[in-house]
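Protein chains in written order, with my numbering: chain A, 1 to 223; chain B, 1001 to 1223.
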DNA sequence: GGCCAGCTGTTCACAAGTGAACATCCCGAA
DNA sequence: TTCGGGATGTTCACTTGTGAACAGCTGGCC
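Encoded structure:
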């Protein structure tokens, strides 16, 4: 029996003290902190480091030739990003920016490569991250291919809400409808329309933050 | 200067004799051969093995609740697939089928995990694969978000054509317009319309196989 | 207080994409 | 050779999404 493709829950990444790990391995490392909206790296920059989120949330966005912006990932504690530099990518293909105050660990590419060779525990963890990321991006792609913008918005809201786990109505980090549109892949006017619809139906509440009634909003996904 | 997101060439995966590698490591392994159109595994099946393509080409497709089908990847020699089982996925989320006669190597999940721990060369190779895959899927997603179906079709044709490398007009494996539509993420009538348009403009030739004039078709991507 | 910037709410003409129908065309099997 | 099934070519009414515009709101800052 085929399952709905996008239904598998976000993989619960076990916490991992990369900083302590690096310290005990005697590896040089840097910790940086960013304020909300601060840019961590920009599309086109030289790609020299891998990042690991200690705290906060980071979004990766891509700017098209025509000026449109798309958000390809929203990441949180325990996620890696910027790992494209380990492959052949000499430049960043996306811009990384903090969505809330964040602290990230920076590891230079040569050291990361070295450690992936010599530290099986890190390699294992990193592979797990890549697998999870891959599954998520594939689900996003399938979602784009199959679903209308109304359903995609509902899915994004549900995923963001359960991001902090706990399953109960959890406030979503402050985020404009413009940003939501960039995540969902549609226009702001469309997001606005459906947000009001969902609110009228009692599926969400919002003024400043958004509160999602998961059980109700889920209905939208199943037609 | 931001680069066009989908412009980075498919990563040229260096050949890797996984079979020989496994043999010398004394690991149990199985080789299977499939005919064109044969199903390797189906969406919903128990996910117990990782596959490695020795030869041929394999597509991964997902079926929606509503009966629509989408192709999420077309893979070739040297690619892994079915690696989702290494993460938390107990079931296949996609169907894998041979697009041409293919031989694949099958490795059971526990052995793959064991080897990723003990064989740095394999782990490295596997990480490289996951990074490349991730980049490609992200590009596909961005392509969906930014581009019209005409441009997406052009991009898919270009990627398929240069798949075998060499850069010169290379015949694309026989593939129906229906399948192309599932890869591009649109309807057959749309694909048919644009294929004829491209043919009229001299960008491609086709009766049975498709021949892509890369230099010409590329124009479509840049408006 | 008054101003500005950014976000929200709303509308609308227009563009793009869908899906279903029907007419060929081609090729391999009986 | 004929038949049937799959592929292609073509059309069209209908749905969905776009992008640009304009009018409030609201909150921070001088």
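C-beta: ideal position from N, C-alpha, C; glycine also. Since this is a predicted model, take the numbers as computed values, not measurements.
{"query": "For residue 223/A, tell me which candidate among 1066/B, 1133/B, 1049/B, 1019/B has the shortest Cα-Cα distance.", "result": "1066/B"}
{"query": "Scan the stretch 68-132 of chain A and note each continuous beta strand (DSSP E) run of 3 residues or more that stays entirely inside, going in chain order.", "result": "69-75, 95-98, 102-108"}
{"query": "May I ask you to list, following chain order, the residues of the stretch 131-152 of chain A that have a beta carbon less than 9 Å from some beta carbon of chain B?", "result": "131, 132, 133, 134, 135, 137, 138, 139, 140, 141, 142, 144, 145, 146, 147"}
{"query": "Can you give, in chain order, each stretch of the alpha helix (DSSP H) that sits fully within the stretch 165-205 of chain A and has at least 4 residues?", "result": "177-184, 188-200"}
{"query": "Name the one or two DSSP bridge partners that residue 61/A has.", "result": "71/A, 95/A"}
{"query": "Looking only at its chain, what residues have a beta carbon closer than 6 Å to the beta carbon of residue 1048/B, apart from the 5 residues adjacent to it on each side?", "result": "1109"}
{"query": "Tell me whether the stretch 198-207 of chain A and the stretch 1029-1044 of chain B touch, counting them as touching only if at least three CB pairs, one residue from each stretch, are closer than 8 Å.", "result": "no"}
{"query": "Looking at the strands, I want to know which residues DSSP matches up with residue 51/A.", "result": "81/A, 106/A"}
{"query": "Buried or exposed: where does residue 59/A fall if 16 or more other Cβ atoms within 10 Å of its Cβ makes it buried?", "result": "buried"}
{"query": "Closer than 8 Å, CB to CB, is residue 1086/B near chain A or not?", "result": "yes"}
{"query": "Name, in chain order, the residues that DSSP records as bridge partners for residue 1162/B.", "result": "In DSSP, residue 1162/B forms no bridge with anything."}
{"query": "Apart from the five residues just before and just after residue 6/A, which ones in its own chain have a Cβ nearer than 7 Å to its Cβ?", "result": "Interpretation of residue 6/A is limited by its pLDDT of 37, a score under 50 that renders its predicted location unreliable; the figure taken from the coordinates is listed afterwards. Cβ within range, chain order: 139, 142, 143, 155."}
{"query": "Would you say residue 124/A lies against chain B (beta-carbon separation less than 8 Å)?", "result": "yes"}
{"query": "Can you pull out the residues from the stretch 55-69 of chain A whose beta carbon lies closer than 8 Å to at least one beta carbon of chain B?", "result": "62, 63, 64, 65, 66, 68"}
{"query": "Leaving out five residues on either side along the sequence, give the residues of the same chain with a beta carbon under 6 Å from the beta carbon of residue 1073/B.", "result": "1060"}
{"query": "In whole angstroms, what is the alpha-carbon distance linking residue 189/A and residue 207/A?", "result": "17 Å"}
{"query": "Around the C-beta of residue 1003/B, are 16 or more other C-beta atoms found within 10 angstroms, so that it is buried, or is it exposed?", "result": "Low local confidence applies: a pLDDT of 31 at residue 1003/B is under 50, so the model's placement there is unreliable, and no value is given."}
{"query": "For residue 1116/B, go through chain A and note every residue whose CB falls closer than 9 Å to its CB, in chain order.", "result": "120, 123, 124, 127"}
{"query": "Under a three-way DSSP split, which group does residue 218/A fall into?", "result": "helix"}
{"query": "Against chain B, with Cβ distances strictly below 8 Å, would residue 89/A count as a contact?", "result": "yes"}
{"query": "Which chain A residues are close to residue 1074/B, counting only those with a beta carbon under 8 Å from its beta carbon?", "result": "Going along chain A, no residue has its Cβ under 8 Å from residue 1074/B, so there is no contact; the nearest lies around 13 Å."}
{"query": "From residue 1001/B to residue 68/A, what distance separates their C-alpha atoms?", "result": "With a pLDDT of only 30 at residue 1001/B, under 50, the local geometry of the prediction cannot be trusted, and the value read off the model is given with reservation. Going from the Cα of residue 1001/B to the Cα of residue 68/A covers about 15 Å."}
{"query": "Work out the CA separation of residue 1194/B and residue 1119/B for me, nearest whole Å.", "result": "48 Å"}
{"query": "Just the C-alpha distance for residue 1062/B and residue 101/A, rounded to the nearest angstrom, thanks.", "result": "38 Å"}
{"query": "Taking any Cβ of chain B, which residues in the stretch 185-198 of chain A have a Cβ under 8 Å from it, in chain order?", "result": "185"}
{"query": "In three-state DSSP terms, what is residue 27/A?", "result": "coil"}
{"query": "Any idea which residues DSSP pairs residue 210/A with across the strands?", "result": "172/A, 206/A"}
{"query": "Residue 108/A CB to nearest chain B CB: under 8 Å?", "result": "no"}
{"query": "Give every residue of the same chain whose Cβ lies closer than 6 Å to the Cβ of residue 1071/B, excluding the five residues on either side of it in the sequence, and list them in chain order.", "result": "1059, 1061, 1182, 1183"}
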